[in-house]
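Structure record follows, encoded as structure tokens.
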Amino acid sequence: MESACKICKRLVEGSECPVCKSKELTKNWKSIIIIFDPDCDIARKVGFELPGKYALKVL
Ligand SMILES: [Zn+2]
0 MESACKICKR LVEGSECPVC KSKELTKNWK SIIIIFDPDC DIARKVGFEL PGKYALKVL
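Numbering (numbering that gives the first Met the number 0), first residue to last: 0 to 58.
This is how it looks when you write it as structure tokens:
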């Protein structure tokens, strides 16, 4: 199971977030959102700037 970065909410497979280099990861997350196009309305609304998988809720 992937972990979610507590800073940018990106889903990460290793032990470090590749985007913000944070090691603050948690398995305590819910609801996946997949961003294909960071320019779309949803991505802008939630503030995700790179394509990828993100957790909507990080506990
Ligand atoms: Zn991150």
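Glycine residues also receive a C-beta, built at the ideal position from the N, C-alpha and C atoms. Computed from a prediction, not measured in an experiment: that's the story for all the values here.
What do you reckon, are the CB atoms on Lys52 and Ile33 nearer than 7 Å?
The count along the sequence shown starts at 1 and reaches residue 52 at position 53. The count along the sequence shown starts at 1 and reaches residue 33 at position 34. Yes, these two residues count as a Cβ contact at 7 Å.
In the DSSP assignment, the beta strand (DSSP E) including Ile31 goes from what residue to what residue?
Stepping through the sequence shown from its first residue, residue 31 is reached at position 32. Unbroken beta strand (DSSP E) run through Ile31: Trp28 to Ile34.
Does the beta-carbon distance from Pro50 to Phe35 come in below 7 Å?
Within the sequence shown, the letter at position 51 stands for residue 50. Within the sequence shown, the letter at position 36 stands for residue 35. Yes. Within cutoff.
When burial is assigned at 16 or more other CB atoms within 10 Å of the CB, is Val11 buried or exposed?
One-based indexing of the sequence shown puts residue 11 at position 12. Val11 is buried by the Cβ-count criterion.
To the nearest angstrom, how far is the alpha carbon of Ile41 from that of Asn27?
Along the sequence shown, one-based indexing puts residue 41 at 42. Along the sequence shown, one-based indexing puts residue 27 at 28. If I take the Cα positions, the gap works out to 23 Å.
Residue range of the beta strand (DSSP E) that Val106 falls in?
This structure cannot speak to residue 106, because the chain is shown only from 0 to 58.
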